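There are 2 protein chains.
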Amino acid sequence: MDIENIKVACSSCNLRELCLPLGLSAEEMQKLDHVISTRRRVKRGAALFNAGDPFTSLYAVRSGFFKTSVTSADGRDQVTGFQMAGEIIGMDGIVHDKHSCAAIALEDAEVCVLPFDRLEQLSREFRTLQHHIHKIMSREIVRDHGVMLLLGSMRAEERLAAFLLNLVQRLHARGFSQSELILRMTREEIGSYLGMKLETVSRTFSRFMDEGIIEVKQRYVHIKNTQALQMLVNPQSNGCAAS
Amino acid sequence: MDIENIKVACSSCNLRELCLPLGLSAEEMQKLDHVISTRRRVKRGAALFNAGDPFTSLYAVRSGFFKTSVTSADGRDQVTGFQMAGEIIGMDGIVHDKHSCAAIALEDAEVCVLPFDRLEQLSREFRTLQHHIHKIMSREIVRDHGVMLLLGSMRAEERLAAFLLNLVQRLHARGFSQSELILRMTREEIGSYLGMKLETVSRTFSRFMDEGIIEVKQRYVHIKNTQALQMLVNPQSNGCAAS
DNA sequence: CGGGAAATTGAGCACAGTCAATCAGTGTGG
DNA sequence: CCACACTGATTGACTGTGCTCAATTTCCCG
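Line by line, the protein sequences are chains A and B.
Residues in the first sequence are numbered consecutively from 1, following UniProt numbering.
Residues in the second sequence are numbered consecutively from 1, following UniProt numbering.
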């Protein structure tokens with residue numbers, strides 16, 4: 001099985017500045033350690049949960065990379081996001097006590113299991129934790145609105161540029177390069193997320209390469225001209241680094 | 001000014017089965033009445049809040065109709081949702097203590113002001129209220145994922161059909177007709193929400209009319225064949241009413 | 001009743017989708 | 001260890017949906 005229980009502690013986790021414990025006091029974090037007692041391993045290609053699965057917990061990505069996707073009644077599916085270390089998955093399940101999307105590991109991954117009833121219980125005691133959970137959900141809502149903007153009003157080039165910039169920025173916040181990355185998802189998954197076909201993703205990558213903006217070799221991407229990408233997303237930002 | 005304070009009570013509101021108080025006990029609802037002490041009127045075309053405004057409260061729509069929209073750095077904007085009576089607006093503001101989208105009244109409207117710190121305080125006392133707030137935020141996330149599916153994988157006809165069905169279903173839950181409605185938004189706003197140009201919205205309406213599926217006259221819409229619309233959204237649902 | 005915003009409709013075009021062939025990379029089994 | 005199969009990526013040619021630009025028309029609202 002791909003499930004394995006491991007004792008863990010937020011207080012000693014190197015992701016605590018990115019993840020759930022952000023901003024908690026030592027005492028609060030200690031309490032949190034009691035709530036978050038198990039980890040779970042998920043193999044590449046396996047589901048952390050599927051649409052329809054009963055909702056019990058949120059999950060904090062500890063290592064690895066996930067995609068979440070929803071499926072329409074007639075079988076079309078849409079990737080709704082990609083999640084990396086320190087990000088929280090599963091908030092879609094709260095409304096109906098079951099998940100409405102699936103979370104699939106794109107590489108061997110490990111998550112911290114956060115039983116939601118215990119999280120609610122603890123957040124009734126600590127307003128910092130309570131507020132932090134509200135923030136995490138609000139952040140997801142704001143992120144989703146950004147994706148709607150992308151899907152509703154941008155052209156293929158702009159979408160892919162925005163996608164690359166977002167990915168590299170999040171990776172950079174985790175200590176990786178600002179200009180190089182390995183894509184963990186296929187062209188088809190990128191396309192599904194960005195509302196375009198895999199061939200268009202591939203062609204757009206090639207065009208960026210022809211223009212000298214990036215270097216692509218399969219999953220490897222080197223961003224040679226960040227400003228050019230920013231200009232594509234937002235023509236206003238004329239070369240000057242926006243804060 | 002378009003601001004006016006009025007004493008109000010959730011416990012005697014006719015929207016309490018749709019809105020925030022859903023599922024609360026008499027005692028809890030009485031406590032909630034103390035939190036929600038003011039209403040605010042918003043004139044047609046005016047903003048309940050704008051992007052960048054400091055976040056203090058959530059708002060429950062009491063009457064009228066709103067749109068929320070985000071604006072990109074270069075001025076494009078995207079309608080992210082339409083809200084009607086009983087729905088909650090403003091959760092985008094929690095993460096950064098300021099709103100990331102604007103909420104504009106599409107007709108003269110009235111909202112209940114829910115100061116967020118007091119809501120957090122009360123939800124630390126009542127787990128029913130706490131869980132209900134989590135559900136409301138989760139519902140928004142799930143809704144957003146549905147919009148992504150629509151924007152990312154549907155064609156113009158399917159988008160508009162899904163939009164009409166969603167709108168009429170929500171209106172029906174509020175006691176309005178299942179087949180007739182007045183659109184409170186312009187073709188341009190519909191287009192922005194659905195990721196298409198206003199001309200395409202208009203043309204698609206006309207096509208539906210030619211096919212005898214609906215009757216449209218400016219803002220008035222009569223759905224003559226709900227099944228045909230459902231078939232457009234989901235070809236699988238072959239005439240049989242899906243549960 | 002008149003002005004202006006909103007909606008409709010048309011013609012032509014472009015971006016991205018479709019279908020198809022080829023190539024590259026990876027992992028498996030003989 | 002190499003051959004082979006398979007998935008994923010690239011590229012090409014063609015097509016079609018929806019966008020652009022433009023001209024009317026309709027309907028509100030003052």
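Where is the CB? At the ideal position from N, CA and C, for every residue including glycine.
All values derive from a computational prediction rather than experimental measurement.
If you draw a straight line from the Cα of G175/A to the Cα of G64/A, it is about 15 Å long. Between the C-alpha atoms of Q83/A and M154/A there is a straight-line separation of about 22 Å. Shown in chain order are the members of the segment 151-173 of chain B whose Cβ falls below 9 Å from a Cβ of chain A: L151, G152, S153 and M154. In the assembly as shown, Q121/A is an exposed residue. Its beta-carbon has fewer than 16 other beta-carbons within 10 Å. Here E125/A has K31 as same chain residues with Cβ atoms under 8 Å from its own Cβ, once five neighbours each way along the sequence are excluded. Secondary structure of F176/B (DSSP, three-state): coil. Interface criterion met: the Cβ of K135/A is under 8 Å from a Cβ in chain B. The DSSP-derived three-state label of K31/B is helix. In this chain, I213/B is not harboured by any alpha helix (DSSP H), its DSSP state being neither H nor E. If you ignore the 5 residues before and after S11/A, its C-beta comes within less than 6 Å of the C-beta of M29 and D33, all in its own chain and listed in chain order. A156/B is not a Cβ neighbour of M209/B, given a cutoff of 8 Å. One thing to note: V61/B has its Cβ within 8 Å of the Cβ of A109/B. Chain-ordered, the chain A residues with CB closer than 7 Å to the CB of H131/B read E120.
Taking CB atoms only, C101/A has a neighbour in chain B less than 8 Å away.
Here the alpha carbons of I214/B and G146/A stand approximately 33 Å from one another. In terms of Cβ geometry, L58/B and L15/B do not form a close pair [threshold 8 Å].
Contact of E140/A with chain B is assigned, a C-beta pair being separated by under 8 Å. Note that the C-beta distance between L24/A and L129/A is below 8 Å. Within the DSSP secondary-structure output, I133/B pairs in no beta bridge.
Around the CB of R219/B, fewer than 16 other CB atoms lie within 10 Å, so the residue is classed as exposed. In the structure shown, S153/A falls within a helical segment according to DSSP collapsed to helix, strand and coil.
When Cβ-Cβ separations below 8 Å define contact, D53/A makes no contact with chain B. The three-state secondary structure of T38/A, taken from DSSP, is strand. Think of a sphere of 7 Å around the beta carbon of R124/A: the chain B residues whose beta carbon falls inside it are R124, R127 and Q130, in chain order.
Within the same chain, and ignoring the five residues on either side of V42/B in sequence, the residues whose Cβ sits closer than 6 Å to its Cβ are D2, L48, A105 and A109.
For the pair A51/B and V35/B, the CB atoms are not nearer than the 8 Å cut-off. At least one C-beta of chain B is nearer than 8 Å to the C-beta of Q236/A. Beta-bridge annotation (DSSP): L114/A is paired with L58/A.
Chain-order list of chain B residues neighbouring I94/A: H134, K135 and S138, by C-beta distance under 7 Å.
Of the candidates A9/B, D77/B, V142/B and A161/B, A161/B places its Cα closest to the Cα of N234/B. Following the DSSP letters along the chain, one finds S192/A inside the alpha helix (DSSP H) bounded by residues R187 to L194. In terms of beta-carbon proximity, A73/A lines the interface with chain B, with at least one pair separated by less than 8 Å. Around V111/B, the same chain offers R39, R40, V42, L48, Y59, A60, V61 and R62 as residues with beta carbons nearer than 7 Å, after the five sequence neighbours per side are excluded. The beta carbon of V147/A sits closer than 8 Å to some beta carbon of chain B. In the DSSP assignment, L181/B is bridged to V221/B. Residue pairing of S63/A in beta bridges, as defined by DSSP: E110/A.
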